[in-house]
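Here my numbering is used: the first residue of the sequence shown is 1, the next is one more, and so on. Read the structure below first, then the notes.
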Amino acid sequence: MRYLLKVAFVLAVLVAGALPAPAQTWPAKPIKLINGFPAGGGADILARLVAERLSAALGQPMLVENRTGATGMIAAQSVAASAPDGYTLLLYTMNMACTSPIMPGNKINIDPDKDLAPIVIIAGLDNLLYVSPATPFKTVKDVIESAKANPGKLTYGSSGVGGSYHLWAAQFTQMADIEMLHVPFRGGPPAIAEIIAGRVDMMFGNLAEILPHIRSGAVRPIAFTSVPPSPVLPGIPTIAATLPGYGADNWFGLGAPAGTPPEIVARLNAEVNRLVKDKDFADKLVALGFQPAGGSVADMKATIQRDRAKWKIVIDASNIRAE
């Protein structure tokens with residue numbers, strides 16, 4: 001009997017030793033959540049909300065670090081080069097996963113499909129077209145008619161060449177058969193400042209970062225890019241109501257370096273799914289202009305492939321190249 005007990009003990013030790021060390025102890029120290037966009041933007045708002053809640057759920061601080069540049073790809077490359085131990089995570093965006101990898105001229109040093117591990121989609125965004133109050137525009141029709149009458153004269157800002165805001169505008173100009181001048185910035189907040197100042201006419205962007213300026217009257221909302229419109233701004237229509245077939249969705253997810261132990265990926269996926277089902281948290285997201293999501297790793301991978309195919313059509317048709 002003693003012999004059998006010794007054998008059982010040895011086997012138990014061997015099995016435990018065979019498990020990945022990070023999975024046995026994770027998390028044992030603070031976790032970094034890397035955000036590729038400036039403070040104050042929609043990505044930053046969501047990153048800090050999620051980090052606060054996951055810190056409590058995981059029992060370790062989750063610290064947000066902003067590493068901006070290249071429409072988020074500086075952050076993506078940083079995470080891809082990190083140890084796959086669950087201590088460096090990425091606020092993974094549609095732009096990083098779907099559009100930057102296929103953008104002509106984009107000098108990125110990673111292949112997201114090989115170098116990053118998708119974990120879960122946290123939330124979609126309510127996105128919209130808004131204008132400077134210095135313009136006379138009140139509707140999508142006003143914008144289209146003015147652009148047709150003044151080809152290349154109206155200006156629209158973006159968070160960078162090839163970023164989501166740029167692509168939503170490119171899709172709009174394609175479908176409306178109009179020409180407008182693109183004015184790219186490094187992130188949404190500096191572009192918004194120029195719209196408020198009246199030096200740029202309009203921008204496509206996310207509701208989370210522009211909502212305070214809408215409420216203060218600093219910018220004027222025109223229409224939402226996706227269906228249905230957000231309940232946060234009742235009465236604001238969709239672009240599709242004037243331009244049938246138009247639709248521009250966006251999302252934020254959680255990612256990690258490729259090779260992160262599946263046990264850690266599964267734990268993070270489960271925690272985020274619990275989080276987005278929490279009524280208090282979900283209500284807070286909706287009030288800020290987000291749409292709680294969740295789902296499996298497979299769901300996120302399927303969304304990436306679908307959106308990549310969609311935006312490739314827009315990129316090719318508009319001849320967009322990275323700068």
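We treat Cβ as the ideally placed atom computed from N, Cα and C, and that holds for glycine.
- Assignment of beta-bridge partners to residue 156 by DSSP yields 182 and 202.
- Membership of residue 263 in the alpha helix (DSSP H) is indicated by the continuous run 262-277.
- Its Cα nearest to that of residue 133, the residue 214 stands out among 214, 307 and 168.
- Cβ-Cβ separation between residue 188 and residue 205: approximately 6 Å, consistent with a contact (criterion under 8 Å).
- Here residue 120 is buried, its C-beta having at least 16 other C-beta atoms within 10 Å.
- Spanning the alpha carbons of residue 243 and residue 267 requires a straight line of approximately 42 Å.
- According to the DSSP assignment, residue 87 belongs to no alpha helix (DSSP H), since it is labelled neither H nor E.
- Contact annotation, residue 290 with residue 123: C-beta distance approximately 4 Å; criterion of less than 8 Å satisfied.
- The three-state reading of DSSP puts residue 102 in helix, counting H, G and I together.
- Rounded to whole angstroms, the separation of the alpha carbons of residue 212 and residue 41 is 11 Å.
- In this structure, residue 66 and residue 38 form a Cβ contact; the two beta carbons are roughly 6 Å apart against a cut-off of 8 Å.
- In this model, residue 317 and residue 311 are separated by some 10 Å (Cα to Cα).
- Counting along the chain, the unbroken alpha helix (DSSP H) around residue 42 starts and ends at 42-58.
- Nearest Cα to residue 70 within the set 35, 250 and 283: 35.
- Judged by pairs of C-beta atoms under 8 Å, the segment 258-273 touches the segment 292-307, as three or more such pairs exist.
- Residues 41, 42 and 188 of the same chain have their beta carbon placed closer than 6 Å to that of residue 209, with the five preceding and five following residues left out of the count.
- Per the C-alpha coordinates, the member of 322, 321 and 256 positioned closest to residue 88 is 256.
- Put simply, the segment 229-243 does not touch the segment 102-114. Fewer than three CB pairs are less than 8 Å apart.
- Counting only the Cα atoms, residue 153 lies some 15 Å from residue 131.
- In this structure residue 227 is exposed. Its beta-carbon is surrounded by fewer than 16 other beta-carbon atoms within 10 angstroms.
- Ranked by how close their Cα comes to the Cα of residue 304, the residues 234, 171, 142 and 96 have 96 in first place.
- Residue 269 sits away from residue 125, with the two beta carbons spaced by 8 Å or more.
- Taking all protein chains in view, the Cβ of residue 25 is surrounded by fewer than 16 other Cβ atoms within 10 Å, so the residue is classified as exposed.
- In this structure, the CA atom of residue 259 is about 14 Å from the CA atom of residue 90.
- Look at residue 32 here: in three-state DSSP terms it is strand.
- In the DSSP secondary-structure assignment, residue 65 is bridged to 34.
- For residue 304, the enclosing alpha helix (DSSP H) begins and ends at 297-318.
- The beta carbons of residue 92 and residue 116 sit closer together than 8 Å.
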